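K.L.:
Before anything else, here's the structure in question.
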Amino acid sequence: MTWTATTLVGELVRLEPLSPEHEAGLWEASRDARIWEWMSIVQPRSPEELHEYVELALANAGAGIELPFATVRQSDSRVVGSSRFLALRPEHGSLEIGWTWLDPQLWRTGANVEAKLLMLGDAFERLGCRRVELKTDALNERSRTAMEALPAQFEGVHRRHMLVRNGENRDSAWYSVIAEEWPEVRENLLRRLGRRAAH
C-alpha cells in the first residue's frame, strides 16, 4: 500500500502537494525568525538554502517517505507555510503530522486550526489511519498548547529523542489522536472555527 497526497481545500487555506512552483512563495513566507525557533533545522538564510529544504522534501516524497504540503491562503493564493505527513506506516494505519510552520501574520487567525482539521480529516477519512502522531520540542510551550487544544493525548517525553539544528539535544513531547477520538476532535475544531458539522 502506498499513500499519496491530494489537495485539501478549506475556507481559509488549502494544502497543496508541495512542488517546485511553491518555492518562491515559501521563501517569502519563511523570513520571520520566530518560525524557526523550535524547528529541527536552522532558518534558511538564502533562496539557495530554501531550495535545498524544498528539494529534500520532494526527494522524500518521491521515495515515499513523506507527503509534504504547501499551505496556501484561499483569499489570495499566497503561500503562507508548509506541513507534512511523515513517519508513514500504511501497514499499521499510522502517520505523523509535522514540519508544520506558518507565516506569523496568520497566527491566531484560524489558519492553523483549519489546516489541522484538513490534515486529520484526510488521514482518518481518506487514508484510513488508526493513529496520527504529533511531536514537538518538550520546551515548546506554544506548540504543546496547540496540540493539547485539538485535543491530542499526551503520551510522554522521549528524552534525547533528536539532535537538532547545530547538534543540540532535543527532548520530544509525543501526542496522538486515534481513530475513535477523531469525531470529538473534529467537532472541537469546527467549533473553534465557528462552524457546524455537516450531518
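My numbering puts the first residue of the sequence shown at 150, with every later residue one more than the last.
We put the beta carbon where it would ideally sit given N, CA and C, even for glycine.
Here the structure is a predicted model, which is why all the values come from computation and not from measurement.
Using 8 Å as the threshold, is the segment 198 to 211 in touch with the segment 321 to 341, meaning 3 or more CB pairs across them?
P.N.:
No: fewer than three Cβ pairs fall under 8 Å.
K.L.:
How should residue 305 be labelled, buried or exposed, when 16 other C-beta atoms within 10 angstroms of its C-beta is the threshold for buried?
P.N.:
For the purposes of this step, residue 305 is taken as the residue at position 156 of the sequence shown. The residue in question, residue 305, is exposed, as its Cβ has fewer than 16 Cβ neighbours within 10 Å.
K.L.:
At what residues does the beta strand (DSSP E) containing residue 196 begin and finish?
P.N.:
Walking along the sequence shown from the start, residue 196 turns up at place 47. Premise fails: residue 196 lies in the alpha helix (DSSP H), 196 to 211, not in any beta strand (DSSP E).
K.L.:
Taking all protein chains shown into account, decide if residue 225 is buried (16 or more other Cβ within 10 angstroms of its Cβ) or exposed.
P.N.:
Position 76 of the sequence shown, counting from 1, holds the residue named residue 225. Exposed, because fewer than 16 other Cβ atoms sit within 10 Å of the Cβ of residue 225.
K.L.:
What does DSSP give as the partner residue(s) for residue 228 in the beta ladder?
P.N.:
In the sequence shown, counting from the first residue as 1, residue 228 sits at position 79. Answer by DSSP bridge pairing, in chain order: 221.
K.L.:
Kindly list the residues whose CB is nearer than 6 Å to the CB of residue 259, restricted to its own chain and excluding five residues on each side of it in sequence; keep chain order.
P.N.:
Numbered from 1 along the sequence shown, position 110 holds the residue referred to as residue 259. Here the set comprises 161 and 342.
K.L.:
Since residue 266 is in the beta strand (DSSP E), which residue starts that stretch and which ends it?
P.N.:
Here the question's residue 266 lines up with position 117 in the sequence shown. From DSSP, residue 266 is part of no beta strand (DSSP E) but of the alpha helix (DSSP H) over 260 to 270.
K.L.:
Out of 197, 262, 298 and 281, point me to the one whose CA is closest to residue 326's CA.
P.N.:
The sequence position of residue 326 within the sequence shown is 177, counting from 1. Closest option to residue 326, Cα to Cα, is 281.
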